[in-house]
Every structure is written in C-alpha cells, then in structure tokens.
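**Q**
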Amino acid sequence: LSVEVLALYNPPAELITMLTGDSNKTWRIESETQGHFGVGPADAIDPIWWAANPNDKVGLGAYDDTFTFNVDGSFTHTTNGTVYGQATPMTQDLGGDKGMTANGNNEFENYPLDAYTVDWSLSAPGGQETLQLSGIGFHGFYVGGNHSYIILSRTNTELHLKTIGADGNSWFVKFISN
Numbered sequence: 008l009s010v011e012v013l014a015l016y017n018p019p020a021e022l023i024t025m026l027t028g029d030s031n032k033t034w035r036i037e038s039e040t041q042g043h044f045g046v047g048p049a050d051a052i053d054p055i056w057w058a059a060n061p062n063d064k065v066g067l068g069a070y071d072d073t074f075t076f077n078v079d080g081s082f083t084h085t086t087n088g089t090v091y092g093q094a095t096p097m098t099q100d101l102g103g104d105k106g107m108t109a110n111g112n113n114e115f116e117n118y119p120l121d122a123y124t125v126d127w128s129l130s131a132p133g134g135q136e137t138l139q140l141s142g143i144g145f146h147g148f149y150v151g152g153n154h155s156y157i158i159l160s161r162t163n164t165e166l167h168l169k170t171i172g173a174d175g176n177s178w179f180v181k182f183i184s185n
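Going by the working numbering, the letters in the sequence shown line up with residues 8 to 185, in that order.
1) With a CB to CB cut of under 6 Å and the five nearest residues on each side skipped, what residues in its chain are close to Lys169?
2) So what does Asn77 bridge to, in DSSP terms?
3) Given a threshold of 16 other Cβ atoms within 10 Å of its Cβ, counted over all protein chains shown, does Lys64 qualify as buried or as exposed?
4) Candidates Glu114, Glu116, Leu120: which alpha carbon is nearest Gly102's?
5) If you drop the 5 nearest sequence neighbours on each side, which residues of the same chain put their C-beta closer than 6 Å to that of Asn31?
6) With DSSP as the reference, label Pro54 as helix, strand or coil.
7) Anyone know if the C-beta pair for Gly175 and Val150 falls short of 8 Å?
8) Please state whether DSSP places Pro214 in a helix, a strand or coil.
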C-alpha cells in the first residue's frame, strides 16, 4: 500500500496584502541604500562578494523601473524603455544583443526592453517564502536563472530578495514601495 499526499501552499493573507496592497502595489529599487544590488556564492544570505553603494548604478536603466504586483496574480514591470543586467542571459533570453556592446563586467546598460506583464506566485519550499515570476519576469538586474526569488526579509514597505542567476551565483535586490 502506498499513499501519496498533496500539500498545497496557501500564502499568508498578510503577505498578499504586503505585496499588492489588496489591489495593486508598486515597488522600486531601493537605490538610496547600501546593498540594494549585490552578489555572493549560491549559499549566501548576504551579498558578500559585492554590494552596491547608494545610487551606484545611476543612469544604467534600472532605477527608473517600477514593479507592480496585482492581487489577480499579474506583475507589471514598467521599464521606461531600458533595463540593466548580465549580457549573456539577456542575449539568450531577451532577444539577442540588440546591437549593444557589453561593459567590462559583461553587463548591458540601458538594454532596450518595453514594459511587460507576467504572472507571479508564491510558494514556501522548505518553509522559505519564495516569489516566482513567469516568463522573462525579473526584479531590477537581469541575471537569468529560473526567476524564483527567496524572500529574505519583508515589511509593509521593504522587500529584500535573493535569486540564483544563470551563472549559479546568488543575486540580491532591495525594494521599497512607492
């Protein structure tokens, strides 16, 4: 005799409210804080290899973006025409190099990308709240990977996330709600 159990995750109502404001809520990169972007090894919980200084990436296509979570499960990334990220996964996932040349860190600055809407969902593998974006959905700095973001910390106005990029490293981003 074998028994198969299906366990479904029901995210806490307060987490849905925090993300969506019970309708829609818009977030932006918390560019004014230390470590709003960062990188470390896959098992890191902090950006131990590099953490951006406040406003370190002005003019590169990230700080003018907004990210809106809607209670219906849709997510809109308003790019204002350009985004910032790693050149290799952007070329592979977002439609080629678009005539751009990568900078010395193999990043595309101000890579052309129109606003888009994808789906978002929540899960908690191993008890860790995780935010999943469908399709090309990403938060702030494109690193490819599976577009799954571990929620490291959250308040009603701040959200700190970690994802594993296509390069196998941990990438960190901090958000603040508008």
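From the three backbone atoms N, C-alpha and C, an ideal C-beta is built for every residue, glycine too. These numbers come from a predicted model, not from an experiment.
**A** On the basis of the data shown:
1) For Lys169, where only same-chain residues beyond five positions count, the Cβ hits under 6 Å are Ile157, Leu159, Ser177, Phe179.
2) Per DSSP, Asn31.
3) Classification of Lys64: buried, given that the 10 Å Cβ count is 16 or more.
4) The residue with the shortest Cα to Cα distance from Gly102 is Leu120.
5) Once the five neighbours on either side are set aside, the close Cβ partners of Asn31 are Thr75, Asn77.
6) In this structure, Pro54 counts as coil in the three-state DSSP scheme.
7) Result no, Cβ atoms of Gly175 and Val150 do not sit closer than 8 Å.
8) No answer is possible for residue 214: it lies beyond the span of the chain, which begins at 8 and ends at 185.
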